[in-house]
Each structure stands twice: as structure tokens, then as C-alpha cells.
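J.: Numbering (our numbering), first residue to last: 159 to 253.
Every residue gets a Cβ at the ideal spot worked out from N, C-alpha and C, and that includes glycine.
All figures in this text were calculated on a predicted structure; none of them were measured in a lab.
Okay, here's the structure, questions in a sec.
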């Protein structure tokens, strides 16, 4: 993944998070994923969820990072939580 000069992975993650959270249907989509999709398919990929729901891949990535149990601990640290250092946005485009 090439990044524009001055934007590292953490800055790009924050931009993606801010953009997705400003989407009008974001909270409704997040609630739907928590209540309907994850109970049926807990290991769903972001790409599959985006196709299933007809939402952007970036929105699916952020929703899954926020609602999956392994992500809950990061949310306690506040807004703009970043993915673990071992992950990149490219990790979410597979599968």
C-alpha cells in the first residue's frame, strides 16, 4: 500500500475511522451487524460483510473492529482506536 507523503498507517486509520463514523447510516449498520450478522456468522470477513450489506469496505472494516469481542478492549482507550501494529488495511481486503 503506498501512502501519500506525510500520512503513515496510523494517520490513515484515523482518517478512515472519522470518515466512516460520519456516514448517516453508520450507527444503524453497526447495530444490525451486532444483532443480526455476527450471531449467525461470527467469523465473517469485512469484504463479505460489505458485499452482503451493500456498504463500503471501509465501513465494514471499522464496524468489525468495533463490535468484535477482541476489539472491545481497544475502545476503552478512546476514539480513534487503531488496529494492532501487526495489521494493516490490506489485511481486511482478503477473503
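Tell me which same chain residues have a C-beta within less than 7 Å of the C-beta of residue 184, skipping the five on either side of it?
T.: Answer for residue 184: 178 and 217, listed in chain order.
J.: From the beta carbon of residue 211, is the nearest beta carbon of chain B less than 9 Å away?
T.: This model lacks chain B altogether; it includes just one protein chain.
J.: Helix, strand or coil for residue 177 per DSSP?
T.: Residue 177: helix per DSSP, three-state reduction.
J.: If I measure Cβ to Cβ from residue 181 and keep anything under 7 Å in the same chain, skipping five residues before and after, which residues do I get?
T.: Taken in chain order, the residues that qualify are 217.
J.: Three-state secondary structure (DSSP) at residue 226?
T.: If DSSP states are grouped into helix, strand and coil, residue 226 belongs with coil.
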